[in-house]
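Working notes for the structure below.
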Amino acid sequence: MYEFTTRLAATPARVAAILVTTFSIAFATPSLLATPTPATPTIDITKFTYAPKEITVAPGTRIVWTNRDEVPHTVTAKDRSVDSKAMDTGDKFEYTFTQEGDFEYFCVVHPFMTGVVHVRKQ
Amino acid sequence: MLRTILYVESLTRHQETTMDTNDKTPPLAINDRHDPNRRKALSCLAAWTGAAVVWTVAGGVPRALGATTDGKTAAAAKNALTFVQISDTHFGFNKPANPDIVGSYRRAVADIHSLPQAPAFILHTGDITHLSKADEFGRARELFQELKVDRLHTVPGEHDTIDDGLTGYLKFFDHDGKGKGWYSFDQGGVHFIGLTNTLNFKMGTMTSLGEEQLAWLKSDLARISHSTPVVVLAHIPMWTVYAQWGWGTADADQAMALLRPFGSVTVLNGHIHQVLQKVEGNVALHTAMSLAYPLPTPGQEGIGEPGPLKVPAGELGKRLGVRQLSVVRGHRELALIDRPLDR
Chain E
595 MYEFTTRLAA
605 TPARVAAILV
615 TTFSIAFATP
625 SLLATPTPAT
635 PTIDITKFTY
645 APKEITVAPG
655 TRIVWTNRDE
665 VPHTVTAKDR
675 SVDSKAMDTG
685 DKFEYTFTQE
695 GDFEYFCVVH
705 PFMTGVVHVR
715 KQ
Chain H
855 MLRTILYVES
865 LTRHQETTMD
875 TNDKTPPLAI
885 NDRHDPNRRK
895 ALSCLAAWTG
905 AAVVWTVAGG
915 VPRALGATTD
925 GKTAAAAKNA
935 LTFVQISDTH
945 FGFNKPANPD
955 IVGSYRRAVA
965 DIHSLPQAPA
975 FILHTGDITH
985 LSKADEFGRA
995 RELFQELKVD
1005 RLHTVPGEHD
1015 TIDDGLTGYL
1025 KFFDHDGKGK
1035 GWYSFDQGGV
1045 HFIGLTNTLN
1055 FKMGTMTSLG
1065 EEQLAWLKSD
1075 LARISHSTPV
1085 VVLAHIPMWT
1095 VYAQWGWGTA
1105 DADQAMALLR
1115 PFGSVTVLNG
1125 HIHQVLQKVE
1135 GNVALHTAMS
1145 LAYPLPTPGQ
1155 EGIGEPGPLK
1165 VPAGELGKRL
1175 GVRQLSVVRG
1185 HRELALIDRP
1195 LDR
């Protein structure tokens, strides 16, 4: 069992701030990075599953979900603190995880679809 | 396409002055042609009490129809109350499983208009839209204007509430102006209840009606006699069809406990895009076909998920449809007929 221990940024302003920070570090001032920028993991939503269902990333990692199904899905935190809204076929949703923790999420219209992102310092 | 029309016929005729006293619900009026006199007349044609429910099904529906007959009960008496159930139109869907859902819908409209007896109203059991977008709701409303019936009663599906709960849906389909997804009305001696079971999705569980709605249901039912026939609308099945796909309502048992004392209860659901039925004592539960695309049967071999089913050319019209029901005077039976678009 996983516990969702990290409250992720919920307000648009905070999300924007995080994204701006991420882009600034990754693209504007890459020389500031002591370690290589982590790759952007992708998670496909296909056949009513998140693939991979479970993933471990370092803080600051941006993850991109893409809906490959013909019906809408969402990426929604168990506590609703993050919500992609409806993703139609081909739509993408991205989120940058800044704090360590276990991020449990599901699809609000197909709640049997579940996934988890483990955010760990590496 | 499946067609389902309900013909309700008087078993015990009420006095006209006692009828429709609770029918204050202003549903979506079609073409602004609502005729109160016609509506009142229809409502008074079919008051009945204590009817047993026996379902008859015809029309080439391939499975799960235990009470199949040859469908001859479709011919309702001329003074019967008739209505039609449609479901899961998914306006906005444009994928290969059905690239022309508007065309399918219009075939259904033509089919409804060809009925020998015009239905008093139409029930839509949810997933009006595919993505709950404002333009999809607006388009749906335009398309519903093509129906030559007085009224359309709807309940939301999860596709209608996916982003903002009931906010977008209620801008177009707030039936009683109370800002809720649940309501009731009476017509022809039958008590109709619309429920919403698409707002309480929790991770890893089935949806639920929720305490507030159950409390409302209890109070709503408290004011009618147990001999009053009850028809309940809800999008997601009110019994557990297949929990692995979320095809059920977690607290449906609480609603059933409230409905069980009534002599005749008919629950009409959508969501699973196929016809299934279950009978529990006086309670008969039925799911309907979609007008958009078929879905697999629960746990269908070789298919691991409840996604739109691509069927061979020529097959689609056999998997979409509307529903017809009838209760013939003196027979004390409520008959249901599902009829595909292609028969």
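Protein sequence lines, in the order shown, are assigned to chains E and H. One point on numbering: in the numbering used here, the residue at position 44 of the first sequence is 638, and numbering is uninterrupted. One point on numbering: in the numbering used here, the residue at position 9 of the second sequence is 863, and numbering is uninterrupted. All residues carry an ideal CB built from backbone N, CA and C; glycine is no exception. Quantities reported herein were computed from a predicted structural model and do not represent experimental measurements.
Contact between the region 701-709 of chain E and the region 1002-1020 of chain H is established, with three or more Cβ pairs separated by less than 8 Å.
Residues are counted here when their Cβ sits less than 9 Å from a Cβ of chain H; for the region 678-689 of chain E these are K679, A680, D682 and T683, given in chain order. Rounded to whole angstroms, the Cβ separation of Q1128 (chain H) and L1139 (chain H) is 14 Å, and the two are not in contact under 8 Å. The contact set of G980 (chain H) on chain E, defined by CB atoms closer than 7 Å, is empty, because the minimum CB distance reaches about 12 Å. Each residue's CA atom was taken as its position, placing H1045 (chain H) and D981 (chain H) some 23 Å apart.
In the DSSP assignment, T1021 (chain H) falls within the unbroken alpha helix (DSSP H) covering T1021 to F1027. In the structure shown, I1047 (chain H) falls within a strand segment according to DSSP collapsed to helix, strand and coil.
Nearest CB-CB separation between T708 (chain E) and chain H: below the 8 Å threshold.
Within chain H, no C-beta atom comes nearer than 8 Å to that of E648 (chain E); the closest sits roughly 15 Å away. From the beta-carbon of H704 (chain E), the residues of chain H found nearer than 7 Å are G1100. Here Y699 (chain E) is bridged, per DSSP, to E:A671 and E:G709.
I940 (chain H) is bridged by DSSP to H:H978. Between the C-alpha atoms of D673 (chain E) and Q1108 (chain H) there is a straight-line separation of about 26 Å. Spatial neighbours of K686 (chain E) in its own chain (CB-CB distance under 6 Å, excluding positions within 5 residues in sequence) are listed in chain order as V658 and T660. A residue is called buried once 16 or more other Cβ atoms fall within 10 Å of its Cβ, and D954 (chain H), having fewer, is exposed. The continuous stretches of beta strand (DSSP E) do not include S1073 (chain H), which lies in the alpha helix (DSSP H) extending over residues E1065 to A1076.
Distances from the alpha-carbon of P1115 (chain H) to those of H:P1091, H:N1123 and H:S1081 put H:S1081 closest. Taking C-beta separations shorter than 7 Å and ignoring five residues to either side along the sequence, the partners of K679 (chain E) in its chain run T668, following chain order. Restricting attention to H:A972, H:L1020 and H:T1059, the CA atom closest to the CA of A988 (chain H) is found in H:L1020. Judged by their CB atoms, H1089 (chain H) and G1161 (chain H) are not nearer to each other than the 8 Å cut-off. A direct Cα-Cα distance of roughly 19 Å separates T636 (chain E) from G695 (chain E). In this structure, DSSP gives F998 (chain H) a helical state, which the three-state scheme calls helix. Just measuring C-alpha positions, the residue of H:P1194, H:V1003 and H:G1058 sitting nearest T643 (chain E) is H:G1058. With respect to the C-alpha of L1001 (chain H), the residue from H:S1073, H:I976, H:L935 and H:T1151 having the closest C-alpha is H:I976. In the three-state reduction of the DSSP assignment, R1193 (chain H) falls in the strand class. Excluding residues up to 5 positions away in sequence, L1112 lie with their Cβ nearer than 8 Å to the Cβ of K1072 (chain H) in the same chain.
Using a CB distance cut-off of 8 Å, D696 (chain E) does not count as an interface residue toward chain H.
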